[in-house]
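If you're matching positions, the sequence shown starts at 184 in this note's numbering and goes up one per residue.
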Amino acid sequence: MLSSEADPLVGWSTDEEWRADSTYAVIVAKLLSNDNAFLSWFPHQYTQRTLLARFQMNNTSPPHTHFFQKPVYNVMALLSMLGETEVHSSITYRDGED
């Protein structure tokens, strides 16, 4: 069994704390083909696999929705500005350091 969506975890609506912070942005940067075209649902607006946190204001007149950018949105925006540019990087480990 495999996930053809390039998702590090099967189930886009699964509530995961790491999807709310910069950890998710780093993972998406590694998986450029990640599909984030989903809308989050209550009560996991920040922790589902989405670029934006969505808050539906259903008890207002008229009902409306607010969207807030998650860190992963900014990473995707920055990556879109690279164009044809390749970024080369490396990590050097020294004895006893991670």
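Don't be surprised by glycine CBs; every beta carbon is placed ideally from N, CA and C.
Could you tell me whether the Cβ of Ala-260 comes closer than 9 angstroms to any Cβ of chain B?
You won't find chain B in this structure, because it holds only one protein chain.
First through last residue of the alpha helix (DSSP H) which encompasses Leu-265:
First-last for Leu-265: undefined, no H or E at that position.
Closest to Asp-198 by CA distance: which of His-247, Ser-205, Trp-224 and Glu-269 is it?
Trp-224
Reduced DSSP secondary structure (H/G/I, E/B, other) of Thr-248:
strand
By Cβ distance, which residues of its chain are closer than 6 angstroms to Val-255, with the 5 residues on each side in sequence left out?
Tyr-207, Ala-208, Val-211 and Leu-234
Strictly by DSSP, which residues pair up with Phe-238?
His-249
From the DSSP output, in three-state form, read off Glu-200 for me.
helix
In terms of alpha-carbon separation, which member of Lys-253, Glu-267 and Ser-272 lies closest to Asp-204?
Lys-253
Distance, Val-193 Cα to Leu-262 Cα
24 angstroms
Measure the alpha-carbon distance for Pro-246 versus Tyr-229 and round it to whole angstroms.
21 angstroms
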